[in-house]
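Residue numbers (full-length UniProt numbering): 1 to 593.
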Ligand SMILES: Cc1cc2nc3c(=O)[nH]c(=O)nc-3n(C[C@H](O)[C@H](O)[C@H](O)COP(=O)(O)OP(=O)(O)OC[C@H]3O[C@@H](n4cnc5c(N)ncnc54)[C@H](O)[C@@H]3O)c2cc1C
Ligand code: SF4
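Right under this line is the structure:
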């Protein structure tokens with residue numbers, strides 16, 4: 001039933017104590033420690049049949065022996081497959097360690113773990129800070145700061161093992177650092193970066209890291225569906241089963257896969273805040289001061305331009321900070337994550353959200369450890385199932401799904417535009433500077449993006465994205481705007497979230513329906529409308545809510561397509577009951593952004 005991966009522990013050749021010697025289930029799936037112990041118990045596998053895991057002793061030995069550093073525990077280790085447990089030297093066939101190139105979103109220790117497809121433990125490392133990346137687009141200042149700070153902090157931690165090159169382009173940086181010598185790199189996270197490294201003959205691409213499911217596993221799941229469309233819910237259930245997450249035997253914990261019903265509550269009546277402990281915030285270091293000075297200088301020189309405000313760094317830039325943020329969330333905020341997950345409060349922008357997307361996307365956290373530690377909180381009775389399932393769904397469901405959709409639908413997916421929306425984003429939206437007399441929900445959300453580069457999911461989807469969809473802005477331009485303006489924005493995560501989920505530009509390849517609403521939904525789920533100059537129920541006239549009017553206008557414009565969608569048909573029929581539809585359409589034709 002079991003086989004065991006021998007990862008060649010440096011201090012324990014027998015592997016008897018080594019936590020990297022994971023039991024492997026049929027199909028090549030590697031069990032994390034928590035699931036391992038539980039599955040062994042559930043299947044009554046005798047204790048003597050497999051070596052018990054002893055993390056503490058052996059992890060210390062690994063750390064002392066080499067730079068692989070605390071690889072995060074959890075199902076994330078199980079990116080599985082024989083290739084995933086080969087080191088770079090085995091893949092490249094080199095005898096001496098090949099230099100390894102670390103991208104700026106591959107900063108956690110697990111990207112360097114030789115036992116999980118990483119480079120040789122003695123491989124010299126290379127990091128390239130490319131100025132042209134910032135010249136190409138007007139990024140949010142906080143995002144530029146975070147990425148540079150995280151890269152420079154990582155370089156400082158790695159010390160003499162890393163060569164840190166500041167260059168105009170990646171090609172130049174690579175040439176300067178290693179000339180034509182062979183280099184390995186982990187599978188990058190964007191089509192453009194993958195094309196670049198594949199185009200360089202001296203670069204060898206190692207398996208991707210930082211996700212629970214491998215490309216091959218996803219492809220066989222997706223191809224196995226035949227003509228059925230891809231659906232996040234089905235994928236999520238499959239991940240839970242195959243990675244044994246929140247399962248009780250063959251059944252979902254608590255008997256239900258989906259606790260969304262418990263997690264869609266409006267904000268508590270009359271409250272201005274959820275009243276939960278604040279999220280973790282890091283303290284800046286000398287490296288941040290140096291980054292700030294560099295960005296100021298580049299801006300003064302007219303070399304680059306940013307949007308958004310400079311402010312003290314609010315998101316983790318190191319593994320240590322990322323772990324502190326995860327622990328704070330798990331211990332103080334996870335329990336209240338679920339119930340008001342979809343609600344928005346104008347005075348409490350973070351509510352009970354984790355704010356972990358930035359460190360996850362920088363590679364500072366592994367999704368496996370987040371999921372596993374959240375599950376452990378439920379199993380020990382410290383967090384309710386609706387909150388834990390809601391959080392696990394975001395990480396093991398949505399985040400994984402979005403990553404794989406990005407690669408599965410290939411590069412042309414980005415250009416999808418089935419609704420034929422070609423509008424340009426107005427200057428105030430691009431510059432994050434809404435006028436004072438605008439819609440309260442929109443101006444308040446844009447204010448938050450301007451000052452922090454972050455909002456939680458519902459403002460992104462049901463305010464910013466929904467507004468862009470209703471106005472008919474070009475999906476590619478909307479994607480670019482989100483990518484530039486958010487601290488956690490990367491191509492792989494923006495393209496499916498914006499093109500697919502928020503703009504429905506793919507016609508439903510990744511979601512079942514367009515996500516948009518009138519003002520009534522925003523009124524129910526937030527406290528914005530009370531102090532807005534518009535009324536959520538008014539469709540036409542001075543007080544007409546732009547979301548309500550925009551919603552009906554959108555349904556009218558795409559009536560034919562939307563009435564073929566079972567989840568939209570009833571809403572479309574509502575058009576027939578609008579006595580003021582002509583006036584509304586006229587008003588929307590005249591509307592200036
Ligand atoms: C239009 C739009 C743009 C988005 N852009 C990004 C982006 O650039 N980067 C990004 O990481 N997420 C993006 N998301 C997804 C989601 O809104 C953010 O991950 C989340 O709001 C980040 O805040 P948090 O860490 O507090 O999340 P929580 O609410 O605490 O959720 C936990 C984690 O789940 C993951 N997650 C949840 N939903 C998604 C999703 N749809 N896609 C990917 N991961 C998800 C994130 O890693 C997040 O940290 C976008 C969503 C929309 C609708
Ligand atoms: S009335 Fe409309 S525009 Fe104003 S806050 Fe409510 S939903 Fe937003």
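We put the CB at the ideal spot given by N, CA and C, even for glycine. Quantities reported herein were computed from a predicted structural model and do not represent experimental measurements.
State buried or exposed for residue i, treating a residue as buried only when at least 16 other CB atoms are found within 10 Å of its CB.
{"i": "residue 309", "result": "exposed"}
{"i": "residue 226", "result": "exposed"}
{"i": "residue 579", "result": "exposed"}
{"i": "residue 543", "result": "exposed"}
{"i": "residue 138", "result": "buried"}
{"i": "residue 349", "result": "buried"}
{"i": "residue 586", "result": "exposed"}
{"i": "residue 397", "result": "buried"}
{"i": "residue 201", "result": "exposed"}
{"i": "residue 589", "result": "exposed"}
{"i": "residue 272", "result": "exposed"}
{"i": "residue 277", "result": "exposed"}
{"i": "residue 506", "result": "buried"}
{"i": "residue 248", "result": "exposed"}
I'd like to know whether the C-beta atoms of residue i and residue j end up nearer to each other than 8 Å.
{"i": "residue 197", "j": "residue 185", "result": "yes"}
{"i": "residue 516", "j": "residue 554", "result": "yes"}
{"i": "residue 499", "j": "residue 414", "result": "yes"}
{"i": "residue 174", "j": "residue 183", "result": "yes"}
{"i": "residue 284", "j": "residue 312", "result": "yes"}
{"i": "residue 140", "j": "residue 307", "result": "yes"}
{"i": "residue 521", "j": "residue 462", "result": "yes"}
{"i": "residue 471", "j": "residue 550", "result": "yes"}
{"i": "residue 339", "j": "residue 216", "result": "no"}
{"i": "residue 362", "j": "residue 107", "result": "yes"}
{"i": "residue 364", "j": "residue 319", "result": "yes"}
{"i": "residue 514", "j": "residue 469", "result": "yes"}
{"i": "residue 358", "j": "residue 315", "result": "yes"}
If you reduce the DSSP assignment to three classes, tell me which class residue i lands in.
{"i": "residue 510", "result": "coil"}
{"i": "residue 419", "result": "coil"}
{"i": "residue 456", "result": "coil"}
{"i": "residue 568", "result": "coil"}
{"i": "residue 243", "result": "coil"}
{"i": "residue 154", "result": "helix"}
{"i": "residue 347", "result": "coil"}
{"i": "residue 140", "result": "strand"}
{"i": "residue 548", "result": "helix"}
{"i": "residue 169", "result": "coil"}
{"i": "residue 265", "result": "coil"}
{"i": "residue 445", "result": "helix"}
{"i": "residue 221", "result": "helix"}
{"i": "residue 579", "result": "coil"}
{"i": "residue 464", "result": "helix"}
{"i": "residue 27", "result": "Low per-residue confidence applies at residue 27: pLDDT is 40, beneath 50, and the placement is therefore not dependable, though the value from the model is reported in the following sentence. Reduced to three states, the DSSP call for residue 27 is coil."}
{"i": "residue 101", "result": "strand"}
{"i": "residue 233", "result": "helix"}
{"i": "residue 408", "result": "helix"}
{"i": "residue 257", "result": "coil"}
{"i": "residue 425", "result": "coil"}
{"i": "residue 490", "result": "coil"}
Identify, in the order they occur along the chain, each residue of the same chain with its Cβ nearer than 7 Å to the Cβ of residue i, setting aside the five sequence neighbours on each side.
{"i": "residue 531", "result": "440"}
{"i": "residue 389", "result": "246, 259"}
{"i": "residue 535", "result": "543, 545"}
{"i": "residue 264", "result": "342"}
Using beta carbons (cut-off 8 Å, strictly below), is residue i in contact with chain B?
{"i": "residue 309", "result": "The structure shown has no chain B; it contains just one protein chain."}
In chain order, what residues of the same chain have a beta carbon less than 6 Å from the beta carbon of residue i, not counting five sequence neighbours either side?
{"i": "residue 302", "result": "none"}
{"i": "residue 422", "result": "474"}
{"i": "residue 280", "result": "324, 325, 328"}
{"i": "residue 529", "result": "523, 536"}
{"i": "residue 79", "result": "For residue 79, the pLDDT reaches just 31, beneath the cut-off of 50, and the residue's location in the model is therefore unreliable, although a value from the coordinates is still provided. Around residue 79: 214."}
{"i": "residue 453", "result": "140, 142, 143, 308, 486, 487"}
{"i": "residue 416", "result": "499, 505, 506"}
Excluding five sequence neighbours on each side, which residues of the same chain lie with their C-beta closer than 8 Å to the C-beta of residue i?
{"i": "residue 194", "result": "187, 188, 205"}
{"i": "residue 434", "result": "428, 442, 443, 446, 447"}
{"i": "residue 558", "result": "419"}
(message) Pairs of beta-carbons, one from the region 392-410 and one from the region 355-371, closer than 8 Å: are there three or more?
(response) The region 392-410 is in contact with the region 355-371.
(message) Tell me whether the region 377-391 and the region 558-570 touch, counting them as touching only if at least three CB pairs, one residue from each stretch, are closer than 8 Å.
(response) Touching, no.
(message) When you compare the region 126-133 with the region 151-160, are there three or more beta-carbon pairs, one atom per stretch, that lie closer than 8 Å?
(response) A contact exists between the region 126-133 and the region 151-160.
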